[in-house]
Structures are given as structure tokens and as C-alpha cells.
Ligand SMILES: C[S@@+](CC[C@H](N)C(=O)[O-])C[C@H]1O[C@@H](n2cnc3c(N)ncnc32)[C@H](O)[C@@H]1O
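Numbering (our numbering), first residue to last: 118 to 500.
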């Protein structure tokens with residue numbers, strides 16, 4: 118039975134499920150989940166990420182890491198961690214740049230946090246046996262500082278969705294329509310219960326972060342939500358906040374910095390960002406369970422707030438365009454084009470894709486979390 122059929126049977130028997138449970142099953146169901154069975158990145162796959170657009174992306178992150186390591190006092194040993202490394206391209210590009218600073222490379226102990234067996238195989242093919250693999254951040258041993266990067270992982274962590282109705286808030290759930298197909302529905306949460314009342318839909322848990330403790334929907338809703346129009350959707354991702362909190366605790370205990378890059382919002386705002394992508398096209402998430410990549414926007418304000426609450430410094434939230442330009446991507450593109458004149462047009466298009474406002478430059482954001490005593494490059498204003 119396909120995942121879709123199994124979900125329908127489960128819902129017919131037990132009732133509607135929350136968006137996070139649906140999301141987690143679609144991505145990680147051991148038998149049919151997208152990342153468990155068929156992740157396809159790249160132009161011939163379902164979606165393209167920044168490291169796959171151009172080597173320049175990983176190279177500049179490598180330079181940022183070398184400077185961060187220098188500001189950390191050039192520790193003789195540190196954990197170089199990537200979470201959700203995809204096909205290993207970003208790590209491969211940043212390690213190549215690491216050769217510019219042999220002491221940095223010698224000090225780096227490479228750890229990859231990955232839950233997808235098919236992607237682990239791709240990472241091993243690209244990177245050899247040097248990295249160590251774990252499926253959760255807390256399996257990376259402490260006791261040494263850490264420099265961490267993650268690109269497009271936050272968007273793989275589920276969010277609850279709340280809908281403003283004429284009479285208050287309701288939680289968006291997935292049930293069965295009259296025709297037997299999966300359909301969105303609403304579960305009333307009025308009056309907002311104190312500390313409970315709706316099953317905590319994140320109970321499915323993310324393999325990255327421990328399942329957050331159950332909390333009432335009122336904990337997730339904006340105080341000014343009464344002003345929103347009926348039909349507005351508000352997203353809240355305890356899993357994204359828990360990941361930021363875990364990383365931050367680690368940085369506070371052991372030192373270091375983390376770069377979190379993803380597409381998402383830089384300020385709190387309503388909106389339904391649940392999106393399924395298959396073969397570079399948006400498809401209906403309710404018809405393609407396990408067959409398509411499923412994402413929600415990264416909620417950077419909540420990520421930054423969770424990191425600060427854990428004692429780390431965090432922010433400001435930069436756009437990917439501003440971040441890469443400040444690191445010198447324009448000059449790097451010019452240098453590459455001089456060396457490979459026959460590829461100059463292609464390099465120009467890649468540059469535009471990474472920093473162009475209408476492309477990835479504005480929608481994608483970069484946040485830095487760091488130990489309280491560190492001022493990483495471009496994030497000297499972190500608080
Ligand atoms: C959209 S891909 C991004 C890949 C890569 N970072 C890139 O930019 O090309 C998401 C990555 O996160 C991993 N991933 C998804 N959900 C995860 C989870 N809950 N815990 C750890 N890794 C996860 C996927 O297996 C994949 O490696």
C-alpha cells in the first residue's frame with residue numbers, strides 16, 4: 118500500500134492528523150518517505166539548492182569559516198559540522214577552500230548530521246570516508262568548539278498551521294473529504310486552552326531535535342492575531358526553534374558559531390508556506406505524499422529568539438544576497454570568468470541566481486548563532 122493509501126486508512130480509523138505529523142510522515146516514513154527513499158537533488162531531480170547552483174556558494178562559506186576559526190583563536194581541534202548535507206557538494210566546496218589554511222583543515226574534524234540513507238551514500242561517494250556520520254546533533258561529541266553550517270534544513274522541519282476564523286483560531290488538520298481524498302480541515306481551539314486541549318501534533322518528532330514538550334496553541338499565536346483577516350494562516354515551528362536551541366546550547370557550552378541558511382521570513386508574518394516540489398514543479402502536497410519534497414519557510418525570528426533564550430548571541434538576519442556580496446562573490450565570479458572565458462555567461466547566470474533579488478538573493482536568509490564571546494565576520498552586531 119502506498120503512503121497515501123496508508124495515511125487515508127489511518128485517518129479513516131483514527132481521525133484527522135496535524136500538519137506536522139503529515140509532513141514528517143511524507144519526508145521520513147521508513148518505507149515511503151521522500152528522504153528515506155527517493156531524494157533527488159539537482160537539475161535532473163526535484164529541486165536545486167544554492168551549493169548546486171555554483172561552487173562559489175560553498176567556497177565563500179569556507180572563507181567565512183576560516184575567518185571565524187581565526188577569531189576563535191585558531192583552536193587546534195574543532196568539530197566542523199554540516200547538518201542535512203544533501204549530496205555533499207557544500208562540504209566538498211568548503212573543504213577545498215580550507216586548503217588555503219592548512220592549519221584550519223588539520224584542526225577540522227568533519228561531522229555530517231544526516232537521516233537519509235540514500236543521501237548518506239551520495240555524501241560518501243563525494244567525500245570519501247573522512248567524515249563521520251550521525252543522525253542527530255547530540256550524537257556529535259561535545260568537549261571541543263564547533264563551526265556548523267546548514268543549508269535548507271530548517272525548511273524540512275515541520276510547522277503547525279493555525280487559521281484565523283470569524284470566531285477565533287483553529288488548527289489546520291488533514292482529514293478525508295467527501296470523495297475519500299485527503300483534504301484540509303479545521304480543528305477548533307476556541308476558547309484557547311491553557312496548556313493543552315489540542316493534541317501536540319509535533320509528537321511525530323523530528324529526527325534532528327527531540328520532540329518539543331506539548332504546549333497549548335495559544336503559545337504559538339501572535340498576540341496581535343485578532344487583527345488578522347479571517348482565513349489568514351499562522352505558522353509555528355517548535356521543531357525549528359528546538360533545533361536552534363540545541364545548536365545554541367552547544368555553542369554556549371563549547372564555543373563556536375553556526376550559519377543557518379534557508380528560504381524564509383525575516384519578520385513575523387502570516388502566510389501558508391507549505392509547498393511540495395516534484396521535478397521542479399509545485400504539486401499538491403495532499404496528492405503526492407512521499408513522492409515530492411515538502412517544505413515550509415524557515416521562521417528566522419523564532420530561530421533567533423530560541424537561540425538567544427538558550428544563551429547564545431544570534432542575528433542579525435541577512436539576506437543571502439547581502440551575505441554573499443559582503444563575502445566577495447562578485448569578485449570571485451569575475452576571477453572565475455577570467456580563468457574560464459568560455460563559461461563567463463554561465464558564471465554570470467549562476468551569480469544572478471544566487472544573489473539576484475528576484476531569485477535566491479532576497480528570499481533566502483542567513484542567520485548566525487554564536488558563543489557569547491565570539492564576533493564572527495559579518496555578524497559583529499549579534500546580540
Ligand atoms: C533540501 S536538502 C538540502 C541539502 C543540502 N544542504 C543542499 O543545500 O544542497 C535537506 C537535507 O536535510 C536532510 N534532512 C531532512 N530532514 C532532516 C532531519 N529531520 N534531520 C536531519 N537531516 C534532515 C536531508 O536528508 C537533506 O540532506
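Here a beta-carbon is modelled for each residue, glycine too, at the ideal position from N, C-alpha and C.
| query | result |
| --- | --- |
| Residue 206 Cβ short of 7 Å to ligand 1 heavy atom set | yes |
| Reduced DSSP secondary structure (H/G/I, E/B, other) of residue 449 | helix |
| Identity of the residue in 410, 168, 401, 444 nearest residue 299 by Cα | 401 |
| Residues bridged to residue 175 [DSSP beta-bridge criterion] | None; residue 175 has no bridge partner. |
| Exposure label - residue 430; buried when at least 16 CB within 10 Å | buried |
| Element boundaries [alpha helix (DSSP H), containing residue 167] | 167–170 |
| Backbone secondary structure at residue 283 - three-state DSSP | coil |
| Neighbourhood of residue 432 by C-beta distance below 7 Å, restricted to the same chain and skipping five residues each side | 421, 484, 499, 500 |
| Check: residue 268 C-beta below 7 Å from any heavy atom of ligand 3 | For the structure depicted, ligand 3 is absent and the ligand set comprises only ligand 1. |
| Residue 125 - partner residues in DSSP beta bridges | DSSP output for residue 125 lists no bridge partner at all. |
| As assigned by DSSP and simplified to three states, the class of residue 263 | strand |
| Beta-carbon spacing of residue 281, residue 365 below 8 Å | no |
| Pair within 8 Å by beta-carbon distance, residue 486 and residue 439 | no |
| Where residue 118 falls, given that 16 or more other Cβ within 10 Å makes a residue buried | exposed |
| Segment contact flag, the region 442–461 with the region 221–233, C-beta cutoff 8 Å, min 3 pairs | no |
| Beta-carbon proximity of residue 146 to residue 409, cut-off 8 Å | no |
| Integer Cβ distance of residue 101 from residue 367, believed to fall under 8 Å | The question about residue 101 has no answer, for the chain in this structure spans 118 to 500. |
| Proximity below 8 Å, CB of residue 180 to CB of residue 202 | no |
| Rounded C-alpha distance that separates residue 276 from residue 304 | 16 Å |
| Where residue 434 falls: helix, strand or coil (DSSP) | coil |
| Distance CB(residue 436)-CB(residue 399) smaller than 8 Å | no |
| Span of the alpha helix (DSSP H), counted from its first residue to its last, around residue 358 | 355–371 |
| Pair within 8 Å by beta-carbon distance, residue 261 and residue 188 | no |
| Proximity test, residue 166 beta-carbon vs ligand 1 heavy atom, cut-off 7 Å | yes |
| Ordered list of alpha helix (DSSP H) runs contained in the region 368–442, each at least 4 residues | 417–426 |
| Cα-Cα separation between residue 199 and residue 234, rounded to whole angstroms | 16 Å |
| Contact test: residue 402 Cβ vs ligand 1 heavy atom, cutoff 7 Å | no |
| Rounded C-alpha distance that separates residue 426 from residue 211 | 30 Å |
| Three-pair Cβ contact test at 8 Å for the region 439–450 versus the region 470–481 | yes |
| Sequence-distant residues of the same chain with beta carbon closer than 6 Å to residue 490, five excluded per side | none |
| Alpha carbon of residue 329 to alpha carbon of residue 274, nearest angstrom | Note that residue 329 scores a pLDDT of 35, beneath 50, so its modelled location is shaky and nothing firm can be said. |
| Ligand 1 heavy atom lying under 7 Å from the CB of residue 523 | This structure gives no information on residue 523, because the portion of the chain shown stretches from 118 to 500. |
| Anticipated Cβ contact below 8 Å, residue 236 with residue 204, distance rounded | 7 Å |
| Where residue 217 falls, given that 16 or more other Cβ within 10 Å makes a residue buried | exposed |
| Three-state secondary structure assigned by DSSP to residue 66 | Past the boundaries of the shown model lies residue 66; the chain is included only from 118 to 500, so the question cannot be answered. |
| Among 263, 434, 407, nearest to residue 154 - alpha-carbon criterion | 407 |
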